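Peer 1: For reference, the structure I am asking about is given below.
Residue numbers (our numbering): 406 to 550.
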């Protein structure tokens, strides 16, 4: 079965911060970023690595369907709403997001999901790329100056 991921801002930002945004592209067969997520990332500082990652054109940015009222009722951010709306409308896609409320929403609609650490763990298990352990990445992210 192919891996198809629709990515929210925080996983892309976090992985880009530690130079591992390529993991998203290497571990999935298809990766898309909703336009609402791209707008959110592009509003960040010019030196932000996730902005640079989007600017490479490696990530496909798409327009997403109008969110259903059931997802809008969760009052999530525009990026999370776009990710979940797409994953709900298109079967076989995994939502890649970290926000706790968005994860609860995904579970309530039976949307398959992964967080940033699950992506890192997938890499640990795939053996395709070298990367520090998930625990090491988590520590580096939490204690970064």
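Heads up, the beta-carbon is just placed ideally off N, CA and C, and yes, glycines get one too. Everything numeric in this text was worked out from a predicted model, so none of it was measured.
1) Less than 8 angstroms between the CB atoms is what I'm expecting for residue 516 and residue 494, so what's the real figure, rounded?
2) Give the secondary structure of residue 564 by DSSP, where H, G and I count as helix, E and B as strand, and everything else as coil.
3) Leaving out five residues before and five after residue 410 in sequence, what residues of the same chain have Cβ atoms less than 6 angstroms from its Cβ?
4) Taking the Cβ atom as the reference point for each residue, do residue 490 and residue 472 lie within a distance shorter than 8 angstroms?
5) So what does DSSP say about residue 417, is it helix, strand or coil?
6) Please return the same chain residues whose Cβ sits closer than 8 angstroms to the Cβ of residue 416, not counting the five positions on each side in sequence.
Peer 2: Put simply:
1) Not confirmed; about 10 angstroms, so no contact.
2) This structure cannot settle anything about residue 564, because the visible part of the chain is limited to 406 through 550.
3) Once the five neighbours on either side are set aside, the close Cβ partners of residue 410 are 433, 436, 499 and 501.
4) Yes, these two residues count as a Cβ contact at 8 angstroms.
5) For residue 417, the secondary structure class from DSSP, reduced to helix, strand or coil, is helix.
6) Apart from the 5 residues on each side of it in sequence, residue 416 sits with its Cβ closer than 8 angstroms to the Cβ of 429, 501, 502, 503, 520, 521 and 524 in its chain, given in chain order.
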